[in-house]
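Take a look at the structure below.
There are 2 protein chains.
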Amino acid sequence: MPYTYEYPHPAVTVDVLVFTFQAGELKLLLIQRGRPPAEGMWAIPGGFVNIDESLKRAAWRELNEETGVHAAYLRQLGAFGHPDRDPRERIITVAYLALLPVDRLHIQAGSDAMDARLFGLQKLPELAFDHAKILRRAHERLRQNFADASTALHLLPETFTMSQLRRVHEQVLGETLDKRNFSKKMQTAGLVAPTGEKQKVGAHRPAALYRKA
Amino acid sequence: MPYTYEYPHPAVTVDVLVFTFQAGELKLLLIQRGRPPAEGMWAIPGGFVNIDESLKRAAWRELNEETGVHAAYLRQLGAFGHPDRDPRERIITVAYLALLPVDRLHIQAGSDAMDARLFGLQKLPELAFDHAKILRRAHERLRQNFADASTALHLLPETFTMSQLRRVHEQVLGETLDKRNFSKKMQTAGLVAPTGEKQKVGAHRPAALYRKA
DNA sequence: GCAAAAGTGTTTGAGGTACACCCATGC
DNA sequence: GCATGGGTGTACCTCAAACACTTTTGC
Chain A
64 MPYTYEYPHP AVTVDVLVFT FQAGELKLLL IQRGRPPAEG MWAIPGGFVN IDESLKRAAW
124 RELNEETGVH AAYLRQLGAF GHPDRDPRER IITVAYLALL PVDRLHIQAG SDAMDARLFG
184 LQKLPELAFD HAKILRRAHE RLRQNFADAS TALHLLPETF TMSQLRRVHE QVLGETLDKR
244 NFSKKMQTAG LVAPTGEKQK VGAHRPAALY RKA
Chain B
64 MPYTYEYPHP AVTVDVLVFT FQAGELKLLL IQRGRPPAEG MWAIPGGFVN IDESLKRAAW
124 RELNEETGVH AAYLRQLGAF GHPDRDPRER IITVAYLALL PVDRLHIQAG SDAMDARLFG
184 LQKLPELAFD HAKILRRAHE RLRQNFADAS TALHLLPETF TMSQLRRVHE QVLGETLDKR
244 NFSKKMQTAG LVAPTGEKQK VGAHRPAALY RKA
């Protein structure tokens, strides 16, 4: 108990919103809390920032602990610090946004979690603390970041079909996009290159595969 | 000395980047530090977050202490938390971006400042701590926010000329803009309305005044 | 009258949007 | 053969960009 200060200090955590794209849906990684407060509730994964660790480094550590991932699109979303957002003590959290392809993601429930799962954004459980607010801000931010169309590529595997890429955009923007216009735009923008391969799934014409250009 | 914790806690501050537009230039409010560390150096105004105060509220308090202003455009820029960014102890700061018209700004050097002044962005002194880094991020963010052309209006007084508005944009974007195209865009976007008044200054044709529409 | 900033229209090109039919496959 | 999603081209329109001369004022 040796850490003493002249003035009260808040605790600082990082929370990482891990988004990926699976089964035609944009999904978010949540953990089920294994201890109080909010035990049993679903929450955005995160943890305390070590005293000699940068915020970004703490975010990488948390991301790695939950997913095994070392490299990904990782951006700071912002700080959330309402005085009563956590019942234990004053906790300020810095939220990060991570985008990564589902095939690189190996979900591991951290030591203080009962479970960890991906949830479609339309099928989310009730979230602990102020995490619903953080998620709303993340979603707004995603929409902004998708103005740069290359952002979506971080959510997909090495190769992907044009429909998959289009569905990522559609789900983030919350509107449907024209197939022809979308494909034209991606190609003339030089964002994707055809691999020459095709992907056969289901009772329909195979789809051409593309890679990030 | 009564504040003890089981684990070390960082201190948390808010810093407020106050931008305004004066004498044809985009300016930033800086304070000259009146005590160590970095005594005598110029810095972005800020201070510690009270333990029962939200981040936003702390930012408003700091803004008000330095400028007397209660209402302004105030947005969170982000958190900066390198472990060695302050020599005293681990301090994480949450930076805010404020835009306000110069005629509402009443600069008051806070209690721990020797001086407070506006600086043109091209004529900045060397900044304390990691404040140059924070400023770079603020400038990037300003450029992004100016994609919404109405943002610039927060920097100008109630009435203004088209040239003033154009110069705000030019300085944030770092490029010159075509007079005719700019004026057309502002008016067809419905962002400004002519007041009917004119402003006579200097040996040239008077400029029409506009207000926010 | 001259210097200094304000004011004003037209043309062009690029990119975004709307829109409908045939193709390859599995069952 | 039929259901399913994949793939393709054209016409239109909107908006951004380029561009030069006249006007009003103070000195």
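Chains as they are written, first to last, in our numbering: chain A, 64 to 276; chain B, 64 to 276.
Backbone N, C-alpha and C fix where the C-beta goes; we use that ideal spot for every residue, glycine too.
Quick caveat, the model's predicted, so the values are computed rather than measured.
Given residue i as reference, the closest of the options once Cα atoms are compared
i: residue 276 of chain A; options: A:70, A:254 and A:175; result: A:254
i: residue 157 of chain B; options: B:165, B:171, B:164 and B:142; result: B:142
i: residue 205 of chain B; options: B:102, B:170, B:184 and B:225; result: B:184
i: residue 119 of chain A; options: A:152, A:87, A:155 and A:78; result: A:78
i: residue 236 of chain A; options: A:247, A:252, A:214 and A:222; result: A:214
i: residue 248 of chain A; options: A:270, A:268, A:232 and A:131; result: A:232
i: residue 280 of chain A; options: A:274, A:171 and A:164; result: The question about residue 280 of chain A has no answer, for chain A in this structure spans 64 to 276.
i: residue 149 of chain B; options: B:191, B:222 and B:264; result: B:191
i: residue 210 of chain A; options: A:252, A:198, A:81 and A:155; result: A:252
i: residue 256 of chain B; options: B:264, B:91, B:221 and B:181; result: B:221
i: residue 226 of chain A; options: A:76, A:172 and A:269; result: A:269
i: residue 212 of chain B; options: B:125, B:147, B:250 and B:138; result: B:250
i: residue 107 of chain A; options: A:189, A:146 and A:151; result: A:189
i: residue 207 of chain B; options: B:140, B:245, B:264 and B:246; result: B:140
i: residue 75 of chain A; options: A:151, A:138, A:223 and A:241; result: A:151
i: residue 174 of chain B; options: B:245, B:101, B:197 and B:125; result: B:125
i: residue 146 of chain A; options: B:159, B:223, B:197 and B:116; result: B:116
i: residue 138 of chain A; options: A:159, A:123 and A:234; result: A:159
i: residue 298 of chain A; options: A:230, A:264 and A:177; result: Chain A is shown only over 64 to 276; residue 298 of chain A falls outside these bounds and no answer can be derived.
i: residue 176 of chain A; options: A:266, A:264, A:101 and A:203; result: A:101
Run of the alpha helix (DSSP H) containing residue i, from where it starts to where it stops
i: residue 243 of chain B; result: 242-251
Start-to-end residues for the beta strand (DSSP E) that takes in residue i
i: residue 181 of chain B; result: 176-183
i: residue 138 of chain B; result: 136-143
i: residue 266 of chain B; result: Note, residue 266 of chain B: premise wrong, no beta strand (DSSP E); not H, not E.
i: residue 270 of chain B; result: 270-275
i: residue 254 of chain A; result: Residue 254 of chain A -> no beta strand (DSSP E), and no H or E assigned at all.
i: residue 160 of chain B; result: 154-162
i: residue 67 of chain A; result: 66-68
Beta-carbon proximity of residue i to residue j, cut-off 9 angstroms
i: residue 128 of chain A; j: residue 144 of chain A; result: no
i: residue 83 of chain A; j: residue 272 of chain A; result: no
i: residue 99 of chain A; j: residue 153 of chain A; result: no
i: residue 70 of chain B; j: residue 114 of chain A; result: yes
i: residue 187 of chain A; j: residue 105 of chain A; result: yes
i: residue 94 of chain A; j: residue 179 of chain A; result: yes
i: residue 91 of chain B; j: residue 228 of chain B; result: no
i: residue 216 of chain B; j: residue 161 of chain B; result: no
i: residue 97 of chain B; j: residue 172 of chain B; result: yes
i: residue 112 of chain A; j: residue 121 of chain A; result: yes
i: residue 88 of chain A; j: residue 262 of chain A; result: no
i: residue 130 of chain A; j: residue 170 of chain A; result: yes
i: residue 155 of chain A; j: residue 155 of chain B; result: yes
i: residue 258 of chain B; j: residue 274 of chain B; result: yes
i: residue 68 of chain A; j: residue 68 of chain B; result: yes
beta-carbon residue i near the ligand FMN non-hydrogen atom, thresh 8 angstroms
i: residue 100 of chain A; result: For the ligand FMN, the structure offers nothing, since it holds no ligand at all.
Problem set entry | Interfacial residues, the region 113-138 of chain A to chain B, with Cβ spacing under 7 angstroms | 114, 115, 116, 117 and 118
For this session: Identify every run of the beta strand (DSSP E) within the region 71-117 of chain B, keeping only runs that are complete inside it and at least 3 residues long; order them along the chain.
Result: Fully enclosed beta strand (DSSP E) runs of 3 or longer: 74-85, 88-96 and 109-111.
For this session: With a floor of 4 residues, list each alpha helix (DSSP H) that falls wholly inside the region 170-236 of chain B, ordered by position along the chain.
Result: Annotation: the region 170-236 of chain B contains the following complete segments of the alpha helix (DSSP H) (minimum length 4 residues), in chain order: 194-208 and 225-236.
Exercise. Of the residues that make up the region 150-180 of chain B, which ones have a beta carbon closer than 7 angstroms to any beta carbon in chain A?
Worked result: 153, 155 and 157
Exercise. Which residues, in order along the region 65-88 of chain B, keep a beta-carbon less than 7 angstroms from a beta-carbon of chain A?
Worked result: 66, 67, 68, 69, 70, 71, 72, 73, 74 and 75
For this session: Select from the region 192-208 of chain A all residues with a C-beta closer than 9 angstroms to any C-beta belonging to chain B, and list them in chain order.
Result: 207
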